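Taking it in order: structure first as structure tokens, then the write-up.
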Amino acid sequence: MKRNPSHRALVYGRSAALGLVVVVLLVAGVLTSWDAAHHIVLAKGREHGTMTVTGCGDDVCTGSFAPVDGAAARSRVSVDSSVAARKGDRFPVVVKPGTDEVVRTGAPGFLYAWVPLGGALVLAALVIGGGLRLTRTAWGTGIAGGVLLVAAFIAL
1 MKRNPSHRAL
11 VYGRSAALGL
21 VVVVLLVAGV
31 LTSWDAAHHI
41 VLAKGREHGT
51 MTVTGCGDDV
61 CTGSFAPVDG
71 AAARSRVSVD
81 SSVAARKGDR
91 FPVVVKPGTD
101 EVVRTGAPGF
111 LYAWVPLGGA
121 LVLAALVIGG
131 GLRLTRTAWG
141 TGIAGGVLLV
151 AAFIAL
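Here the sequence shown stands for residues 1 to 156, where the numbers follow this note's numbering.
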């Protein structure tokens, strides 16, 4: 059975729209991840040190900051509560410029910073597999996102 041109246009339009959804998901994941990750990836010239957790609330944990590069010590800095385990824990951090907020560094901090990209990869895999019918690409994308999420969970 021959397909008419309008049917082909509909198929191409659907593929283009779903491709745009995939691109938007991935760009949003990268931009959201980059907000925290750039402090870790481009850490040269920033204040490095160790944070000791003294207390945690619902959203953030607070503690003291001991620098390793000769910067000034801080009595109170804050970090996202999902990064800090519990009171008394110590881990390496980098201070966000101009704030008292810190970002965890090292492998756990790096993986945690890229968690939004992992979620975006898993969501994009559903669109790629279900909408675009590219099953191998969808499996690869989904597995990559899942591995990133599991690695971050294990590292923290």
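We treat Cβ as the ideally placed atom computed from N, Cα and C, and that holds for glycine.
Values in this document were obtained by computation on a predicted structure and should not be read as measured data.
Label residue i either buried or exposed according to how many other C-beta atoms from any shown protein chain fall within 10 Å of its C-beta, with 16 as the threshold for buried.
i: Tyr-112; result: buried
i: Leu-42; result: exposed
i: Trp-114; result: buried
i: Gly-145; result: buried
i: Thr-99; result: exposed
i: Gly-109; result: buried
i: Ser-33; result: buried
i: Gly-13; result: exposed
i: Ile-128; result: buried
i: Val-68; result: exposed
Provide the residue span of the beta strand (DSSP E) that contains residue i, from first to last.
i: Asp-80; result: 74-80
i: Thr-50; result: 48-56
Between the options, which has its C-alpha nearest residue i's C-alpha?
i: Ala-28; options: Leu-149, Pro-92, Pro-116, Gly-131; result: Pro-116
i: His-48; options: Thr-32, Val-24, Val-77, Val-23; result: Val-77
i: Pro-92; options: Ile-40, Gly-130, Gly-45, Asp-59; result: Ile-40
i: Leu-134; options: Ser-15, Ala-9, Ala-37, Val-94; result: Ser-15
i: Val-147; options: His-7, Leu-25, Leu-121, Leu-20; result: Leu-121
i: Ala-37; options: Ala-107, Leu-20, Gly-70, Ser-81; result: Ala-107
i: Phe-65; options: Asp-58, Asp-59, Val-79; result: Val-79
Mapping the DSSP letters down to three states, classify residue i as helix, strand or coil.
i: Thr-99; result: coil
i: Thr-62; result: strand
i: Val-93; result: strand
i: Arg-8; result: helix
i: Arg-86; result: coil
i: Arg-104; result: strand
Let's see if you can read the secondary structure: which residues bound the alpha helix (DSSP H) around residue i?
i: Gly-140; result: 135-155
i: Ala-125; result: 115-130
For residue i, which residues in the same chain have their Cβ closer than 8 Å to its Cβ, ignoring the five residues on either side in sequence?
i: Lys-87; result: Val-53, Thr-54, Gly-55, Cys-56
Excluding the 5 residues preceding and the 5 following residue i in the sequence, name in chain order all residues of the same chain whose CB lies nearer than 6 Å to its CB.
i: Leu-25; result: Ala-120, Leu-123, Ala-124
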